[in-house]
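Reading through the structure tokens given below for one structure.
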Amino acid sequence: AQSVSQHNHHVILSEAASLELGCNYSYGGTVNLFWYVQYPGQHLQLLLKYFSGDPLVKGIKGFEAEFIKSKFSFNLRKPSVQWSDTAEYFCAVVGGSQGNLIFGKGTKLSVKP
Amino acid sequence: ETGVTQTPRHLVMGMTNKKSLKCEQHLGHNAMYWYKQSAKKPLELMFVYSLEERVENNSVPSRFSPECPNSSHLFLHLHTLQPEDSALYLCASSQEPLGNTEAFFGQGTRLTVV
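If you read the sequences in order, they're chains A and B. Numbering of the first sequence is given in this note's numbering, commencing with residue 71 and proceeding in unit increments. Numbering of the second sequence is given in this note's numbering, commencing with residue 85 and proceeding in unit increments.
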């Protein structure tokens, strides 16, 4: 069965610090990968996605993620975080074209002004 | 606004009550989902409907009963719930197959069982 692991439960950074959130998945076949973000009091929204092609994916608000197939990883990065990035971040995977969207536990990011 | 609307936003119910959660999407999608979001746990996929037919039920207790009368509406009927069922219930929709697109989520219903 598919599963997704997010290594950090809560990350606290100061503004302008660099961010990297880890995500590993377990699925042996073709995968589609997603990062969703949930700002306080708001709905889950898509940050970025990888289906195929360039493994370095650019998303909204300066976020990017790199798919490393050999490591089964899809880590999220941002060079310089802002206070407004405070939110919970969820990595998710769909295994194959007919699979379901499976989420990790989420990582709460708190950015201090 | 995501195009997926859930009502009510908050619900408090007793263990003997019967209530229903409603989800509506205006995106023309043909698949809808119920997820449960509990603290410190991954979002749990509960039910999947594709073209109004249930295609997935991840061993959810029978006290949760989904209904999909058409491709735009999804309900979750609740009865004799337990306190541990308190959580945020999220509805999502997508265009099948999900492997080629993304899911859009509603804001959720915060359920408290007392």
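Even for Gly, the Cβ is constructed at its ideal location relative to N, Cα and C. Predicted model, so just to flag it, every value in this text is computed and none were measured.
Endpoints, the beta strand (DSSP E) within which B:Leu-111 is located: Per DSSP, B:Leu-111 belongs to no beta strand (DSSP E) and is neither H nor E.
Delimiting residues of the beta strand (DSSP E) encompassing A:Val-74: 73–76
Buried versus exposed call for B:Gln-109 [16 or more other C-beta atoms within 10 Å across all chains shown]: Here B:Gln-109 is buried. Its C-beta has 16 or more other C-beta atoms within 10 Å.
Short Cβ contact (9 angstroms threshold) for A:Glu-90 with A:Leu-126: no
According to DSSP, residues forming a beta bridge with B:Asn-141: B:Phe-131
8 angstroms contact criterion, which A:Leu-103 and A:Phe-137 should meet: CB distance rounded: 6 angstroms
CB of B:Thr-86 within 9 angstroms of CB of A:His-113, strictly: Yes, Cβ-Cβ distance for B:Thr-86 and A:His-113 is below 9 angstroms.
Option nearest A:Gly-129 by Cα separation, candidates A:Gln-115, A:Ser-140, A:Lys-139: Selected option, being the one with the closest Cα: A:Gln-115.
DSSP state of A:Ser-154 mapped onto helix, strand, coil: helix
Environment of B:Met-116 [buried if 16+ CB atoms lie within 10 Å]: buried
Bridge partner(s) assigned by DSSP for A:Gly-165: A:Val-101
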